[in-house]
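Peer 1:
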Amino acid sequence: MLSQSVYTLANQQNGNLAFKLFEFDNNSYFDHMQRNNYFTLILITSGEGHAKVDLCDYAFKENTLFAFYPYQPFMLYSPKPLMGISIQFHHDFFCIYRHQKEIAANGILFNNIYEQPFIHLNESCKSNILNLIQGITSELKSEGFRKDEVLVSYLKILLVMATRIKLDQQSVQNEGERNAKQQFIIQSLKNAIENNFRIKHSASDYADMLNQTPTSLARITKNHFNKTLSDLITERIIIEAKRELYLTDKTIKEIAYELGYEDEYYFSRVFKIKTDISPQVYRNTIGFNKG
Numbered sequence: 001m002l003s004q005s006v007y008t009l010a011n012q013q014n015g016n017l018a019f020k021l022f023e024f025d026n027n028s029y030f031d032h033m034q035r036n037n038y039f040t041l042i043l044i045t046s047g048e049g050h051a052k053v054d055l056c057d058y059a060f061k062e063n064t065l066f067a068f069y070p071y072q073p074f075m076l077y078s079p080k081p082l083m084g085i086s087i088q089f090h091h092d093f094f095c096i097y098r099h100q101k102e103i104a105a106n107g108i109l110f111n112n113i114y115e116q117p118f119i120h121l122n123e124s125c126k127s128n129i130l131n132l133i134q135g136i137t138s139e140l141k142s143e144g145f146r147k148d149e150v151l152v153s154y155l156k157i158l159l160v161m162a163t164r165i166k167l168d169q170q171s172v173q174n175e176g177e178r179n180a181k182q183q184f185i186i187q188s189l190k191n192a193i194e195n196n197f198r199i200k201h202s203a204s205d206y207a208d209m210l211n212q213t214p215t216s217l218a219r220i221t222k223n224h225f226n227k228t229l230s231d232l233i234t235e236r237i238i239i240e241a242k243r244e245l246y247l248t249d250k251t252i253k254e255i256a257y258e259l260g261y262e263d264e265y266y267f268s269r270v271f272k273i274k275t276d277i278s279p280q281v282y283r284n285t286i287g288f289n290k291g
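Counting along the sequence shown from 1, when you hit position 97 you're at 97 in full-length UniProt numbering, and nothing is skipped either side.
(1) For E143 and E235, I'd like the C-alpha separation in whole angstroms.
(2) Within its chain, find whatever has a CB closer than 6 Å to the CB of residue 311; leave out the 5 residues flanking it on each side and keep chain order.
(3) How would you call D231, buried or exposed, if buried means at least 16 neighbouring beta carbons within 10 angstroms?
(4) Compare the beta carbon distance of F68 and F60 with 7 Å and say whether it is the shorter of the two.
(5) Measure the alpha-carbon distance for Q187 versus G107 and round it to whole angstroms.
(6) Count the other CB atoms, across all protein chains shown, that sit within 10 Å of the CB of A10; report buried if there are 16 or more and exposed otherwise.
(7) Using the Cα positions of N223 and G84, report the straight-line distance between them to the nearest angstrom.
(8) In its own chain, which residues sit with a C-beta less than 7 Å from the C-beta of Y266, not counting the 5 before and 5 after it?
(9) Considering Cα atoms alone, identify which of T215, K141, S278 and N26 is closest to P79.
(10) Can you check which of these residues, S28, F118 and Y97, is closest to L82 by C-alpha distance?
(11) Thinking L65 and L155 are a contact (beta carbons under 8 Å), I'd like their distance in whole angstroms, please.
(12) Jot down the residue ranges of each uninterrupted alpha helix (DSSP H) in the segment 106-157, minimum 4 residues, whole runs only, in chain order.
(13) Return the first residue and the last residue of the beta strand (DSSP E) that F267 is part of.
(14) Beta-carbon separation of I136 and L21 under 7 Å?
(15) Taking just the CA atoms, how far does N16 sit from T215?
(16) Taking the DSSP output, what are the residues bridged to Y38?
(17) Q13: which of D208, F93 and G49 sits nearest, CA to CA?
(18) Tell me, please, which residues DSSP counts as bridged to H50.
(19) So K227 and C56 are in contact, right, with Cβ under 8 Å, and what is the actual spacing, rounded?
(20) In chain order, what residues of the same chain have a beta carbon less than 8 Å from the beta carbon of M161, not counting five sequence neighbours either side?
(21) When burial is assigned at 16 or more other CB atoms within 10 Å of the CB, is V6 buried or exposed?
(22) Going by DSSP, which residues form a beta bridge with Y7?
(23) In three-state DSSP terms, what is S202?
(24) Select from L259, I119 and L109 the residue whose C-alpha is nearest the C-alpha of D45.
(25) In this structure, how does DSSP classify M1 when only helix, strand and coil are distinguished?
(26) How big is the Cα-Cα spacing for E139 and I42?
(27) Which residue comes first and which comes last in the beta strand (DSSP E) that contains I238?
(28) Using CA atoms only, rank isn't needed, just tell me which of K141, P70, T163 and Y58 is closest to E102.
(29) Leaving out five residues on either side along the sequence, give the residues of the same chain with a beta carbon under 7 Å from the beta carbon of G260.
(30) For the putative contact between Y71 and T248, defined by C-beta atoms under 8 Å, what is the C-beta separation to the nearest angstrom?
(31) Please report the straight-line C-alpha distance between H99 and R243, rounded to a whole angstrom.
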């Protein structure tokens with residue numbers, strides 16, 4: 001196990017946090033709502049409790065790895081002490097959008113509105129993850145040449161491994177679905193949202209597309225995702241908006257229009273309701289990269 005330490009790497013251009021790794025042995029770090037402007041990985045090595053993420057509540061136990069994207073609201077609460085390790089990194093240190101072809105973490109490990117935001121690790125997977133974390137810790141302690149590049153390499157491997165585990169667990173979950181008809185409706189709904197979220201924003205639109213009554217589709221959606229259909233649609237829109245705000249220099253008005261909003265101010269209100277910040281503040285704090 002790692003020693004009780006905190007290791008950080010700052011962005012040399014602006015002094016902001018680029019990368020951080022720390023171990024925790026109590027509940028004080030995450031027992032209040034978080035809205036961080038960086039990606040957060042949390043490995044629970046001991047303890048159990050509940051995680052409140054967005055509007056959902058999940059039970060978790062030890063050997064759970066959480067993955068939260070920037071400004072995603074979350075908190076962990078437990079009646080007993082939680083022990084584990086957290087890794088936090090900023091978009092400017094490693095952008096999952098720009099490295100999507102290499103690691104495929106976006107939409108699976110992060111920004112996945114359809115699945116729970118964590119994976120369970122067996123002993124073998126946990127050992128592999130801890131070995132990578134030990135390598136990251138050693139590199140953070142060193143003053144070696146191009147430390148940042150080595151850390152990015154470790155981080156890529158860790159994200160790929162976690163993404164593989166999540167894909168495997170999703171596959172097992174899907175195979176375990178007893179109701180084949182309901183599973184077909186769920187997959188059809190995912191496809192419909194991915195293909196139409198820019199132009200169709202109402203739950204009734206998707207009920208019509210799937211030949212379901214709004215009440216029936218709402219019930220299936222709530223049972224499977226623990227979210228309303230309107231929440232799913234809006235979350236998908238916000239994820240796309242975040243990608244555009246980070247990767248492009250499009251105006252907020254242009255982004256709003258491309259996402260089906262004639263009124264940029266209404267779009268900004270929807271964005272702020274979901275993220276607690278405005279699109280402009282998101283762009284300013286995440287760090288627009290013109291490269």
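C-beta: ideal position from N, C-alpha, C; glycine also.
Because the structure is a prediction, the values reported are computed rather than measured.
Peer 2: Reading off the structure:
(1) Each residue's Cα considered, the two are about 41 Å apart.
(2) Only positions 1 to 291 of the chain appear in this structure, which leaves residue 311 out of reach.
(3) The residue in question, D231, is buried, as its Cβ has 16 or more Cβ neighbours within 10 Å.
(4) F68 is not a Cβ neighbour of F60, given a cutoff of 7 Å.
(5) 15 Å
(6) exposed
(7) In a straight line, the C-alpha of N223 is about 31 Å away from that of G84.
(8) Contacts found: none.
(9) N26
(10) S28
(11) Actually they are not in contact, since the Cβ atoms of L65 and L155 sit about 14 Å apart, beyond 8 Å.
(12) 123-141
(13) No beta strand (DSSP E) contains F267, which is instead part of the alpha helix (DSSP H) from E264 to T275.
(14) yes
(15) 47 Å
(16) Answer is none; Y38 lacks a bridge partner.
(17) F93
(18) A59 and Y77
(19) 7 Å between Cβ atoms; contact.
(20) C125, N128, I129 and L132
(21) That one is exposed.
(22) Beta-bridge pairing links Y7 to L21.
(23) coil
(24) Here residue 45 turns out to be Thr, not Asp, going by the sequence shown. A check of alpha carbon separations from T45 across L259, I119 and L109 identifies I119 as the nearest.
(25) In this predicted model, M1 has a pLDDT of only 41, less than 50, meaning its place in the structure is not dependable enough to derive any value.
(26) 19 Å
(27) Run containing I238: none in the beta strand (DSSP E); it sits in the alpha helix (DSSP H), L229 to L247.
(28) T163
(29) R198, I199 and H201
(30) Actually they are not in contact, since the Cβ atoms of Y71 and T248 sit about 18 Å apart, beyond 8 Å.
(31) 13 Å
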